[in-house]
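> Okay, handing you the structure first.
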Amino acid sequence: MNLGDTKYRISEFWSEFRKERSGLVGLAILVLSLLVVIFEPAILPWKEANSKWRSIDYWQDNSASAPPAWTNAFTKLKAPVTVRLDDGEKEEAYLDGGVKLVTYTFDYHYTADKAPLDVIFHITGHGDIPFQVSVERPDGTTLDLGQRFEQGLAGQDIRISVDNDGREAAFTFIKNYESEGALEQYSGKSLRTNDILFNTAREGMAREFRPLKGNYKLMVKAMLLDPENSDVQKPYVVVTGSVSGLLGTDDSKRDLFSGLVAGLKWALLIGLLTSAISVLIGVMYGIISAYFGGTVDSVMQFIYQIVNSMPVLPVLIVISAIFKPNIWMLIAVMVLFFWTGSVMTVRSMALQIKEETYIEAAKALGAKKSRIIFKHMVPILIPYSFASMALSVPSAIVYESSVSLLGLGDATIVTWGQILHDAMQGAAILKGIWWWVLPPGLLIAIMGMTFAFLGFSMDKILHPKLKTR
Amino acid sequence: MYKWFALKRVLKGIFTYVIIIFIMSVLFNTVNEQTMRSNIEEQVRAETMRLKNMQPAAIQRFQQQRRDDLIHLYRLDRPFMERILYRTWNTLTFNFGKSTIIKSSRGEREVLTIVGEALPRSLILFTLAAVIEIIVGIILGLKKAQKPGGSLDRTTSLLTMIVYGMPTFWVAMILIMFFVYQLKIFPSAGMHSVPPPQGIMYFIDLLWHMTLPLLTLVVIGFWGISYVVRNIVLNILQEDYIMAARARGIPENKVLFGHTLRTAAPPLITMSVLSLLSSISGAIIFEGIFSWPGLGNLYWIAVQQNDIPVLMGDLAITVGIYQIGLILLDLTYGFMDPRIKVGGKA
Numbered sequence: 002m003n004l005g006d007t008k009y010r011i012s013e014f015w016s017e018f019r020k021e022r023s024g025l026v027g028l029a030i031l032v033l034s035l036l037v038v039i040f041e042p043a044i045l046p047w048k049e050a051n052s053k054w055r056s057i058d059y060w061q062d063n064s065a066s067a068p069p070a071w072t073n074a075f076t077k078l079k080a081p082v083t084v085r086l087d088d089g090e091k092e093e094a095y096l097d098g099g100v101k102l103v104t105y106t107f108d109y110h111y112t113a114d115k116a117p118l119d120v121i122f123h124i125t126g127h128g129d130i131p132f133q134v135s136v137e138r139p140d141g142t143t144l145d146l147g148q149r150f151e152q153g154l155a156g157q158d159i160r161i162s163v164d165n166d167g168r169e170a171a172f173t174f175i176k177n178y179e180s181e182g183a184l185e186q187y188s189g190k191s192l193r194t195n196d197i198l199f200n201t202a203r204e205g206m207a208r209e210f211r212p213l214k215g216n217y218k219l220m221v222k223a224m225l226l227d228p229e230n231s232d233v234q235k236p237y238v239v240v241t242g243s244v245s246g247l248l249g250t251d252d253s254k255r256d257l258f259s260g261l262v263a264g265l266k267w268a269l270l271i272g273l274l275t276s277a278i279s280v281l282i283g284v285m286y287g288i289i290s291a292y293f294g295g296t297v298d299s300v301m302q303f304i305y306q307i308v309n310s311m312p313v314l315p316v317l318i319v320i321s322a323i324f325k326p327n328i329w330m331l332i333a334v335m336v337l338f339f340w341t342g343s344v345m346t347v348r349s350m351a352l353q354i355k356e357e358t359y360i361e362a363a364k365a366l367g368a369k370k371s372r373i374i375f376k377h378m379v380p381i382l383i384p385y386s387f388a389s390m391a392l393s394v395p396s397a398i399v400y401e402s403s404v405s406l407l408g409l410g411d412a413t414i415v416t417w418g419q420i421l422h423d424a425m426q427g428a429a430i431l432k433g434i435w436w437w438v439l440p441p442g443l444l445i446a447i448m449g450m451t452f453a454f455l456g457f458s459m460d461k462i463l464h465p466k467l468k469t470r
Numbered sequence: 031m032y033k034w035f036a037l038k039r040v041l042k043g044i045f046t047y048v049i050i051i052f053i054m055s056v057l058f059n060t061v062n063e064q065t066m067r068s069n070i071e072e073q074v075r076a077e078t079m080r081l082k083n084m085q086p087a088a089i090q091r092f093q094q095q096r097r098d099d100l101i102h103l104y105r106l107d108r109p110f111m112e113r114i115l116y117r118t119w120n121t122l123t124f125n126f127g128k129s130t131i132i133k134s135s136r137g138e139r140e141v142l143t144i145v146g147e148a149l150p151r152s153l154i155l156f157t158l159a160a161v162i163e164i165i166v167g168i169i170l171g172l173k174k175a176q177k178p179g180g181s182l183d184r185t186t187s188l189l190t191m192i193v194y195g196m197p198t199f200w201v202a203m204i205l206i207m208f209f210v211y212q213l214k215i216f217p218s219a220g221m222h223s224v225p226p227p228q229g230i231m232y233f234i235d236l237l238w239h240m241t242l243p244l245l246t247l248v249v250i251g252f253w254g255i256s257y258v259v260r261n262i263v264l265n266i267l268q269e270d271y272i273m274a275a276r277a278r279g280i281p282e283n284k285v286l287f288g289h290t291l292r293t294a295a296p297p298l299i300t301m302s303v304l305s306l307l308s309s310i311s312g313a314i315i316f317e318g319i320f321s322w323p324g325l326g327n328l329y330w331i332a333v334q335q336n337d338i339p340v341l342m343g344d345l346a347i348t349v350g351i352y353q354i355g356l357i358l359l360d361l362t363y364g365f366m367d368p369r370i371k372v373g374g375k376a
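Protein chains in written order, with the working numbering: chain F, 2 to 470; chain U, 31 to 376.
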């Protein structure tokens, strides 16, 4: 079979395939997900979600179990969205005694109806530096929320959380407005700093939250005692809201959208690799079994029946529980079970082809067995296996997620099944954290649907008997 | 002769089962022997605790003696091949030994008792679901085949493809979230209320607990069946004798249920049993979501507690059930379609 021949067959197939609407939808989703995989670095909101999915530090500034940001559209009281402010305005001033004062000011426009959970300042520094964090409110008052003196810095990240460090300052602030009697009920410990910071200053402010909307200036000041040998860099502020990201966070503060995007490539890889390898093995197995016949056929059929009469998932679970395989091993084990899928169809078709006259002619011309198999039988039978290739992708994905759901997944990667496992562990169903349970399974289902669309459409074209007349 | 066909098929099934168990004994040999050795250590320690008034040297001699005895008893001192064959034989005679942590409801630690308790619970759930799926699937499939390409056919075919890759356990999670915690009309887990009610209420309580797991299996299951039924029936409807029957003025329903379904019976039965088997081999862990105390749930517990003997016993029984299903499949097929058994090759 030459190149032009192949081209003709593909164009013929395409003209048929174009008429299958569901097949086109499947193709579109597949192309879309491949694009997402290719442009993953640009799409991921949390760039290191792949490598730091299980790191606690990386996610610490998020809020735990926060609903998606768009849920604000359905609630009366708007919750603040978690934002990261990167573009601080830098001011430098020299004080007496050669001390350099560096101030970074971040503008935060506050419009929500609830107070943010926390405001967290981050800055990287070198040398001995006292830091001060303060906030200028829209009504003109400025609160000095905390000080920190760091010595011997060598490029570490300093994290100052207003919620923790600003309690005393917040208590001092309400003293200006509340009566003595009211103040007795409170102490620096019982107040939430941010409920005061974003509150309208008035009597009774400690009791009831009334948002003071407007522009807040979040400032971090660093005193460079020895400007020659010390500096500060990369300041940013995270305002932790009670809603976050496109799909919310889980109970370990991880951004679920990042996890799902990172899991897409593994789902595709697991599905496509497993089905492609196993279908190729199955086709070769069927052809060899049919072509050689006799004892070879009997032995091969016997092995086929043994493998075919093992229940896949239970065996897969026990193997994973005992050998703790990584993802590549798991794919290999799945291939060991999946190749049986296409053997019987291929074998019966190969038995027919074997008797064709052109095979006989090739034999008479002295063609070797390998030539007959690879030149005359494989090219005809491979296209028929495409449908079963597509149709076995979903089961590979579902099996992997089932194994992961039991907590036996590869701990170095993120897969949708593992996110569902974490959701089970975190009692997400009981707590009603739907944004943790719904999307991962839905994505598995959509992947399954995509390949079902492709597979059924190809099946219809390749096996015309199923056509609706 | 059907008798010989059946005998041959059963013997072949048993032979396959023996081989599978043998492969598993080889595969999981190391971990099995580790568990056995730690069991022996535990037993020796327990026996030493019971001894009193003995010299340290005597105690040590006693421990060594007991350890050697037990190792000899479990044949851990024999050559590799013999150990494997011994373990294969033990598994085949359902001699799984004792669990390490998990106990049966009466507190026993025999693996066979634990697995035996779970088995009927799984069977009742899966067979009931399969029966409902098949009934719904056949009715829907016939309707689809009557008007191929019609609106019903097209929408249900689309839905079939949509649920094709849907994980059963996830559907279970969603249904629990909605029906149990939102609407609060079904219990969240288990098989009975605690304490279980008596008399007729016992079965009503069981049904009430079973509704949601059944719903999950059926909602996922019947689409595929109806699609296959449609394809089988569609082929038969184009046969000449169906046209002849219609031409004779036989009512359409009788043509469908009498003539068509009778011819379609063998492949339909195959497909029904296969769908039951595929849910055992693919969806069994969804029991864990409902805490339905069957074989699938046992996998969850055994994996979490790292209870190797229970895991092995559970696997051996599941493989056995699967094997029995396959044998029954061929036997009924041979019974329904006489051509199969004449050929002798199933």
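Positions of the beta carbon are idealized from the N, C-alpha and C atoms, including for glycine.
Keep in mind it's a predicted model, so treat the numbers as computed, not measured.
I need the DSSP call for A94 (chain F), collapsed to helix, strand or coil.
Here the question's residue 94 (chain F) lines up with position 93 in the first sequence. Correct three-state label for A94 (chain F): strand.
> Rounding to the nearest angstrom, what Cα-Cα distance links E282 (chain U) and L267 (chain U) in this structure?
Mapped onto the second sequence, residue 282 (chain U) falls at position 252. Mapped onto the second sequence, residue 267 (chain U) falls at position 237. So the alpha carbons of these two residues sit roughly 11 angstroms apart.
> Would you give the residue range spanned by the beta strand (DSSP E) that R149 (chain F) belongs to?
Indexing the first sequence from 1 puts residue 149 (chain F) at position 148. Per DSSP, R149 (chain F) belongs to the beta strand (DSSP E) from 143-162.
> Can you tell which of F:P46, F:I11, F:L36 has its C-alpha closest to the C-alpha of L257 (chain F)?
Start at 1 with the first residue of the first sequence, and residue 257 (chain F) comes out as number 256. Nearest C-alpha to L257 (chain F): F:P46.
> To the nearest whole angstrom, what separates the beta carbons of D415 (chain F) and N51 (chain F), a pair I think is in contact under 8 angstroms?
The residue given as residue 415 (chain F) occupies position 414 in the first sequence. The residue given as residue 51 (chain F) occupies position 50 in the first sequence. Checking the sequence, you will find Val at residue 415 (chain F) rather than Asp. The Cβ separation is near 7 angstroms, so the contact holds.
> According to DSSP, what are the bridge partners of M224 (chain F)?
Taking the first sequence and counting its residues from 1, the one referred to as residue 224 (chain F) is at position 223. Answer is F:L102.
> With DSSP as the reference, please indicate the residues paired to I124 (chain F) in a beta bridge.
Position 123 of the first sequence, counted from the first residue, corresponds to residue 124 (chain F). I124 (chain F) is bridged to F:I159.
> Could you check how far apart the C-beta atoms of E163 (chain U) and L106 (chain U) are, in whole angstroms? I think they sit under 8 angstroms.
For the purposes of this step, residue 163 (chain U) is taken as residue 133 along the second sequence, with counting starting at 1. For the purposes of this step, residue 106 (chain U) is taken as residue 76 along the second sequence, with counting starting at 1. The pair is not a contact, with the Cβ atoms about 47 angstroms apart (cut-off 8 angstroms).
> Report yes if the CB atom of T83 (chain F) is closer than 8 angstroms to the CB atom of A67 (chain F), and no otherwise.
The residue given as residue 83 (chain F) occupies position 82 in the first sequence. The residue given as residue 67 (chain F) occupies position 66 in the first sequence. Yes, the pair counts as a contact, with Cβ atoms nearer than the cut-off.
> Note down, in chain order, each residue of its chain lying with its Cβ closer than 6 angstroms to the Cβ of L170 (chain U), except the 5 sequence neighbours on either side.
The residue labelled residue 170 (chain U) in the question sits at position 140 within the second sequence. If we look at L170 (chain U) and ignore the five residues flanking it on each side, its Cβ neighbours are S256.
> So L366 (chain F) and A453 (chain F) are supposed to be a Cβ contact under 8 angstroms. How far apart are they, rounded?
Numbered from its first residue, the first sequence carries residue 366 (chain F) at position 365. Numbered from its first residue, the first sequence carries residue 453 (chain F) at position 452. Rounded, the Cβ-Cβ distance is 44 angstroms, inconsistent with contact.
> 8 angstroms is my cut-off, CB to CB: does Q353 (chain F) come that close to chain U?
Your numbering for residue 353 (chain F) matches position 352 in the first sequence. Closer than 8 angstroms: no.
> Between S12 (chain F) and I50 (chain U), what straight-line distance do the alpha-carbon atoms span, to the nearest angstrom?
Position 11 of the first sequence, counted from the start, is the residue given in the question as residue 12 (chain F). Position 20 of the second sequence, counted from the start, is the residue given in the question as residue 50 (chain U). C-alpha separation (whole angstroms): 46 angstroms.
> Determine the DSSP secondary structure at R105 (chain U), reduced to helix, strand or coil.
As a first step, residue 105 (chain U) must be located in the second sequence, where it is residue number 75. Correct three-state label for R105 (chain U): coil.
> Which term fits D58 (chain F), buried or exposed, when burial requires 16 or more other beta carbons within 10 angstroms of its beta carbon?
Here the question's residue 58 (chain F) lines up with position 57 in the first sequence. By the 10 Å Cβ count, D58 (chain F) comes out exposed.
> What does P296 (chain U) touch in chain F if you count any residue whose Cβ is under 7 angstroms from its own?
Working through the second sequence from its first residue, we reach residue 296 (chain U) at position 266. The premise fails here: P296 (chain U) is roughly 17 angstroms from chain F at the closest Cβ pair, so nothing lies under 7 angstroms.
> Roughly how many whole angstroms lie between the Cα atoms of A376 (chain U) and D360 (chain U)?
Counting from one through the second sequence, the residue named residue 376 (chain U) turns up at place 346. Counting from one through the second sequence, the residue named residue 360 (chain U) turns up at place 330. Because the pLDDT of A376 (chain U) is 38, which lies under 50, any placement of that residue in the model is unreliable, and the number read from its coordinates should be weighed accordingly. Roughly 7 angstroms between the two C-alpha positions.
> Could you give the uninterrupted runs of the alpha helix (DSSP H) lying entirely in the region 321-368 of chain U, keeping only those of 4 residues or more?
For the region 321-368 of chain U, whole alpha helix (DSSP H) runs of length 4 or above, ordered along the chain, are 325-335, 338-366.
> Name the one or two DSSP bridge partners that E137 (chain F) has.
To locate residue 137 (chain F), count along the first sequence from 1; it is residue 136. Bridge partners of E137 (chain F): F:T143, F:K218.
> Assess contact between the region 216-230 of chain F and the region 90-107 of chain F, defined as three or more Cβ pairs (one per stretch) separated by less than 8 angstroms. Is contact present?
Verdict: yes, contact present.
> How about D367 (chain U): is its Cβ closer than 7 angstroms to a heavy atom in the ligand NAP?
Absence of the ligand NAP from the depicted structure is noted, as is the absence of any ligand whatsoever, leaving it without description.
> Along the region 171-186 of chain U, what residues have a CB closer than 8 angstroms to any CB found in chain F?
Answer set for the region 171-186 of chain U: P178, G179, D183.
> Contact criterion: CB-CB distance below 8 angstroms. Does G433 (chain F) meet it with respect to chain U?
As a position in the first sequence, residue 433 (chain F) is number 432, starting the count at 1. So, interface residue.
> Leaving aside the five residues before and after E17 (chain F) along the sequence, list all residues of the same chain whose C-beta is less than 6 angstroms from its C-beta, in chain order.
By 1-based counting over the first sequence, the position of residue 17 (chain F) is 16. Answer for E17 (chain F): I462, listed in chain order.
> Touch check for the region 185-203 of chain U and the region 437-453 of chain F: three-plus C-beta pairs under 8 angstroms?
Touching, yes, given that three or more Cβ pairs across the two stretches are closer than 8 angstroms.
> Using only CA atoms, which one of F:E401, F:R255, F:F122 lies nearest to L273 (chain F)?
Sequence index remark: in the first sequence, residue 273 (chain F) carries index 272 (1-based). If we check each option's Cα against that of L273 (chain F), F:E401 comes out closest.
> Report the option in U:G220, U:I338, U:G179 whose CA atom is closest to the CA atom of L237 (chain U).
Residue numbering aside, residue 237 (chain U) sits at position 207 when the second sequence is read from its first letter. The shortest C-alpha separation from L237 (chain U) is found at U:G220.
> So which residues of chain F does F199 (chain U) contact, with C-beta pairs closer than 7 angstroms?
Counted from its first residue, the second sequence places residue 199 (chain U) at position 169. Correct list: S403, L406.
> With 8 angstroms as the threshold, decide whether the Cβ of T46 (chain U) is near any Cβ in chain F.
Position 16 of the second sequence, counted from the first residue, corresponds to residue 46 (chain U). Closer than 8 angstroms: yes.
> If distances are taken between C-alpha atoms only, which option among U:Q212, U:M207, U:P297, U:S187 comes closest to W253 (chain U)?
As a position in the second sequence, residue 253 (chain U) is number 223, starting the count at 1. When each option's Cα is compared against that of W253 (chain U), the closest is U:S187.
> In whole angstroms, give me the CA-to-CA distance for V141 (chain U) and K42 (chain U).
Numbered from 1 along the second sequence, position 111 holds the residue referred to as residue 141 (chain U). Numbered from 1 along the second sequence, position 12 holds the residue referred to as residue 42 (chain U). Each residue's Cα considered, the two are about 27 angstroms apart.
> For R292 (chain U), which of U:L358, U:R278, U:M366, U:A87 has the nearest alpha-carbon?
Translated into positions along the second sequence, residue 292 (chain U) becomes position 262. Considering only alpha carbons, the answer is U:M366.
> Tell me whether the beta-carbon of A263 (chain F) lies closer than 8 angstroms to the beta-carbon of M448 (chain F).
Taking the first residue of the first sequence as 1, we reach residue 263 (chain F) at position 262. Taking the first residue of the first sequence as 1, we reach residue 448 (chain F) at position 447. Contact: no.
> Does the Cβ of Y329 (chain F) have 16 or more other Cβ atoms within 10 Å, making it buried, or fewer, making it exposed?
As a first step, residue 329 (chain F) is located in the first sequence; it is residue number 328 there, counting from the start. The question names Tyr, yet the displayed sequence has Trp at residue 329 (chain F). The residue in question, W329 (chain F), is exposed, as its Cβ has fewer than 16 Cβ neighbours within 10 Å.
> Residues of the region 201-232 of chain U with a CB closer than 9 angstroms to any CB of chain F: list them in chain order, please.
Taking 9 angstroms as the Cβ-Cβ cut-off against chain F, the residues of the region 201-232 of chain U that qualify are V201, M203, I204, I206, M207, V210, Y211, Q212, S218.
> So is M378 (chain F) in contact with chain U if we call contact Cβ pairs under 8 angstroms?
Position 377 of the first sequence, counted from the first residue, corresponds to residue 378 (chain F). With 8 angstroms as the cut-off, M378 (chain F) does not count as an interface residue toward chain U.
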